[in-house]
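The structure appears right after this line, and notes come after that.
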Amino acid sequence: MTSISGKTDIDWTAFARSLAPVEVISEPVLVKKRSRDFFWYSPILNEQLRRCFGDLVAVPRKQEEMAHCLGRAYAAGVPVTLRGGGTGNYGQSVPLEGGLIIETTAMNRVLEIGEGFVRAEAGALLADVNAALAEAGQELAMFPSTQEIATIGGFVAGGSAGIGSLATGRLREPGNLRALKVLSVEADPQVHVFEGEEVLNVHHAWGLNGVITEVTMRTVPMRDWLGCMATFDSYADAYGAGHALATAEDIAPKLVSVVDARIAGYFPRLVDHIRPDRDLLVSYLPAEKLADYEALITDRGGHADLALTEDKRKAASIPHAFEFCYNHTTLQVLKSDRSATYQQIGVPDAADTAAIVRLRDALGEEVWTHHEFLRAGETVQAIDLPIIWYKGPERLQQINEIYAEHGFAVYDAHCSRVEGGGMHADYRHLAWKKRLDPKGLLNPGKSLAWPEVCHLSADEIAARQG
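In our numbering, the protein residues as written are 2 to 467.
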């Protein structure tokens with residue numbers, strides 16, 4: 002078996018045999034397909050990562066098989082990249098140095114449902130987890146817009162927030178992640194359980210510092226949610242209404258998203274269902290709060306276009322409302338025009354609509370804003386995931402500077418290193434990498450700081466400040 006990645010110091014045929022009885026995939030076309038995620042959202046990452054491929058894929062079906070794969074990789078010095086549904090946007094699942102890709106999707110059992118929690122294997126699809134929870138009258142406290150193909154382990158390893166984060170905060174908020182079961186990469190891989198605040202050592206670390214095999218997440222009682230859409234004659238009005246709705250405790254929505262009219266023009270499935278050429282407000286709210294919601298929209302100068310139960314949504318052949326929020330908005334545009342990209346922006350004061358208007362004026366026609374509201378503790382915050390018409394890295398940097406000049410934080414979506422998005426400012430996650438991955442085989446090349454500290458002990462790494 003020849004190397005796909007160009008890594009020639011491994012006898013891949015012998016290594017594949019050593020993984021038995023675990024299923025392996027060696028067909029180059031299939032290996033290359035599993036070497037990609039949604040990094041092509043970024044033209045910068047697309048150029049950097051599109052020629053990066055693994056050499057072999059393993060598909061373990063249980064924890065013991067996963068441990069066997071990791072032990073063999075350790076013995077042979079083979080790089081390992083974990084992969085769930087491949088929905089990451091930063092190349093989290095792309096093997097920069099070739100090696101073994103371990104696909105988790107066959108480890109997909111929902112193991113336990115209790116009051117306020119669910120425990121599942123890392124490869125379980127989030128849609129399947131939610132379906133199992135529905136039978137118990139519960140639902141995940143949050144899930145990504147890609148729940149049909151995203152795994153629970155991938156969401157924890159590479160995600161940050163989602164539908165429900167307005168009600169319960171980001172994944173890292175206390176109580177949202179209850180526990181993570183993680184395997185080390187050594188001759189005899191060991192199980193480590195992270196609970197409470199310790200889960201943050203593994204969360205959003207891109208599989209650098211341990212292999213997640215089980216996830217325990219917060220659940221909430223299932224509600225009768227309405228997917229609602231309202232339109233406005235200006236973005237300022239839509240944003241102001243969005244903030245008012247997001248902070249309306251008597252309505253308590255779990256999603257509020259504001260979308261520029263020009264972006265909404267790329268939503269063909271909504272044609273004839275919402276007013277055209279208007280700025281769009283997308284939300285989920287309890288069915289019993291519909292009258293309060295409609296009053297708020299009217300008071301804010303908007304028009305309540307749609308309020309859909311699940312049955313009505315299916316009858317009208319309209320996608321879920323969450324397919325018009327978060328990075329699904331980016332996907333809707335990219336389906337039609339690959340010259341677009343996006344960015345991730347922190348809003349300093351979610352209540353300051355005037356600041357949003359000033360910023361939009363400064364950004365001009367090549368940046369189309371799109372805001373999501375979410376909760377941090379007791380505070381409602383906003384993030385901007387704008388569509389940007391890409392004219393090269395220099396112009397993108399100029400746009401980033403316009404955001405910064407107006408006091409808005411840029412969390413770069415065009416960086417394939419874990420530190421690039423603003424998380425893991427200290428070295429605690431790398432201390433755990435040293436403990437659980439002493440040879441540095443997990444997802445190599447994805448940390449800017451690791452080459453500087455890999456020669457140190459775990460305690461020495463932990464003592465450093467990022």
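C-beta: ideal position from N, C-alpha, C; glycine also. All values reported here derive from a predicted model rather than from experimental measurement.
Counted within 10 angstroms of its Cβ, other Cβ atoms place residue i as buried (16 or more) or exposed
i	result
V348	buried
A341	buried
T299	exposed
E289	exposed
E311	exposed
H456	exposed
R179	buried
K255	buried
K34	exposed
G197	exposed
E104	buried
S458	exposed
K392	exposed
K182	buried
P61	buried
P190	buried
Q148	buried
S146	buried
G208	buried
L112	exposed
Q398	exposed
D338	exposed
S161	buried
V272	exposed
T330	buried
R73	buried
V203	buried
V192	exposed
C-beta contact flag for residue i and residue j at 8 Å
i	j	result
G86	F40	no
G138	M223	yes
L20	A76	no
V186	V212	yes
F374	A247	yes
R84	I102	yes
L31	V95	no
R219	G117	yes
P320	I346	no
N210	W390	no
A231	A305	yes
G55	S36	yes
L184	L227	no
V81	L442	yes
R465	Y412	no
Y294	L286	yes
A383	A351	yes
G115	D38	no
I164	F268	no
L437	S448	no
A206	A133	no
G303	F233	yes
M2	K63	no
H244	T354	yes
Whole-Å CB distance - residue i paired with residue j, under 8 Å assumed
i	j	result
G446	L97	4 Å
S258	C326	4 Å
R173	L201	6 Å
K440	I462	Incorrect: roughly 15 Å between the Cβ atoms, too far for contact.
S417	L46	6 Å
S27	A15	Not quite, the Cβ-Cβ distance comes to about 12 Å (not below 8 Å), so this is no contact.
S166	R376	7 Å
V79	G100	5 Å
I5	P29	5 Å
Contact with chain D by residue i, beta-carbon distance below 8 Å
i	result
R376	The chain inventory of the structure shown lacks chain D, comprising one protein chain alone.
- Please specify which runs of the beta strand (DSSP E), each continuous and at least 3 residues long, are wholly inside the segment 311-358, giving them in chain order. Whole beta strand (DSSP E) segments, 3+ residues: 341-343.
- Task: Counting only runs of 4+ residues fully inside the segment 387-457, write out the alpha helix (DSSP H) ranges in chain order.
- Result: Listed in chain order, they are 394-406, 429-437 and 451-454.
- Those runs of the beta strand (DSSP E) which lie wholly inside the segment 155-217 and span at least 3 residues: The qualifying runs are 178-184 and 192-196.
- Task: Spell out a yes or no on whether the segment 235-244 and the segment 278-287 are touching, meaning 3 or more CB-CB pairs, one atom from each, closer than 8 Å.
- Result: Flag = yes, the segment 235-244 and the segment 278-287 touch.
- Query: Does the count of Cβ pairs from the segment 257-273 and the segment 362-374 closer than 8 Å reach three?
  - Reply: They touch, by the three-pair rule.
- Spell out a yes or no on whether the segment 118-134 and the segment 145-156 are touching, meaning 3 or more CB-CB pairs, one atom from each, closer than 8 Å. The segment 118-134 makes contact with the segment 145-156: 3 or more CB pairs, one atom from each, lie closer than 8 Å.
- Entirely enclosed beta strand (DSSP E) segments - the segment 32-92, minimum 3 residues: Runs of the beta strand (DSSP E) inside the segment 32-92: 57-60 and 81-84.
- Task: May I have a chain-ordered list of the beta strand (DSSP E) segments no shorter than 3 residues that lie completely inside the segment 272-315?
- Result: Correct list: 280-287 and 304-309.
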